[in-house]
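Enquirer: Please find one structure pasted underneath; my questions will follow.
Right, here's the structure in full:
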């Protein structure tokens, strides 16, 4: 819709709620979000913004071959749902468009994302609290932010994230590659049993990053230590180029150190030379070729 107010206050454009066994095949939707983004940038009186297509409290979902352009807010969201397959999806919004995540998953289990191209102004894929048993493969990400777990720990009683695999994907000119981010606040949350493997980084600013001091814009951060416990995370067979000298940053919580990290066969170059790594409160082991060097 040309008038962003027409859907902006609803929070959703297309919403499937409490549906079992639904299939959506093909099609193109264009939310024409430019007017809404302009309102946001100017700090005017704007609606909350609509997500283009959403599945809430659904089960046995197939979303195949959809093309989504210029969502006001997130393009595809999956909340409180199970057994969801998202295949061969194409998502695009300008790099400067705010909060236009490609796919956002929260409080859901058994979600598979396979095949597609995502280029937005925010995360290609974001896994928020309560995401379990997630499989992501063959995604071309970029431009945009990253494939991300988090941000987590914004609230004390959040659910954890577990059993996640991201594999066989390519990142091009993104702000980050694969990232786990948590607020530096008390929390009962956790991240465990995660595998990032067989990934290509093309001129990525931060290819491998754990950030437990996440604080966008430096506002509203209480200068505390993150309560989110990170354990059992593997980074394996990750190759490519970094846009910054530090290609791997594992910045873990001072009160809840990262444990059981595994690094295997990583080659990330900066300006055709070896890159650097940074570790704090990170514990684990490394094997195979390591560029940058293991800093744990």
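Numbering (the working numbering), first residue to last: 7 to 302.
Note that CB positions come from ideal geometry on N, CA and C, so glycine has one too.
A quick note: this is a predicted structure, and the numbers were derived from the prediction, not measured.
Touch check for the region 62-78 and the region 97-112: three-plus C-beta pairs under 8 Å?
Expert: These segments touch.
Enquirer: Would you mind sorting residue 60 into buried or exposed? The rule is 16 or more other CB atoms within 10 Å of its CB.
Expert: The residue you call residue 60 lines up with position 54 of the chain shown. With 16 or more Cβ atoms within 10 Å of its Cβ, residue 60 is classed as buried.
Enquirer: Do residue 186 and residue 159 have their CB atoms nearer than 8 Å?
Expert: Here the question's residue 186 lines up with position 180 in the chain shown. Here the question's residue 159 lines up with position 153 in the chain shown. For residue 186 and residue 159, no; Cβs fall outside 8 Å.
Enquirer: Excluding the 5 residues preceding and the 5 following residue 302 in the sequence, name in chain order all residues of the same chain whose CB lies nearer than 8 Å to its CB.
Expert: Indexing the chain shown from 1 puts residue 302 at position 296. Within the same chain, residue 302 has close Cβ partners 256, 267, 269, 285, 288, 289, 290, 291, 292.
Enquirer: Should residue 277 be labelled buried (16 or more other beta-carbon atoms within 10 Å of its own) or exposed?
Expert: Reading the chain shown from its first residue, position 271 is the one you call residue 277. Residue 277 comes out exposed.
Enquirer: Taking just the CA atoms, how far does residue 165 sit from residue 7?
Expert: Walking along the chain shown from the start, residue 7 turns up at place 1. Walking along the chain shown from the start, residue 165 turns up at place 159. Using only the alpha carbons, I get a separation of about 36 Å.
Enquirer: Please classify residue 9: is it buried, with 16 or more other beta-carbons within 10 angstroms of its beta-carbon, or exposed?
Expert: Reading the chain shown from its first residue, position 3 is the one you call residue 9. Burial call: exposed.
Enquirer: Going by CA-CA distance only, name the one from 42, 191, 154, 299 that's closest to residue 15.
Expert: On the chain shown, residue 15 is found 9 positions in, with the first residue counted as 1. Residue 42 is the option with its Cα nearest to residue 15.
Enquirer: Are three or more beta carbon pairs between the region 53-69 and the region 118-132 nearer than 8 Å?
Expert: Because the criterion of three Cβ pairs below 8 Å is not met, the region 53-69 and the region 118-132 do not touch.
Enquirer: Taking DSSP as the reference, what is the three-state secondary structure of residue 43?
Expert: Here the question's residue 43 lines up with position 37 in the chain shown. Helix at residue 43.
Enquirer: Run through the region 60-105 for me and flag every whole beta strand (DSSP E) of 3 or more residues, listed as ranges in chain order.
Expert: Whole beta strand (DSSP E) segments, 3+ residues: 65-70, 73-75, 82-85, 88-98.
Enquirer: Closest by CA to residue 243, which one among 176, 192, 231?
Expert: As a first step, residue 243 is located in the chain shown; it is residue number 237 there, counting from the start. When only C-alpha atoms are compared, the closest one is 176.
Enquirer: Which residue from 232, 238, 29, 22 puts its Cα closest to that of residue 161?
Expert: For the purposes of this step, residue 161 is taken as residue 155 along the chain shown, with counting starting at 1. Of 232, 238, 29, 22, the residue nearest in Cα terms is 232.
Enquirer: Between residue 173 and residue 297, what straight-line distance do the alpha-carbon atoms span, to the nearest angstrom?
Expert: Residue numbering aside, residue 173 sits at position 167 when the chain shown is read from its first letter. Residue numbering aside, residue 297 sits at position 291 when the chain shown is read from its first letter. The alpha-carbon atoms of residue 173 and residue 297 are separated by roughly 20 Å.
Enquirer: Give me the Cβ distance between residue 152 and residue 183, rounded to the nearest whole Å; I'm assuming they're in contact under 8 Å.
Expert: On the chain shown, position 146 is the one that residue 152 refers to. On the chain shown, position 177 is the one that residue 183 refers to. Right, the Cβ-Cβ distance comes to about 6 Å (below 8 Å), so this counts as a contact.
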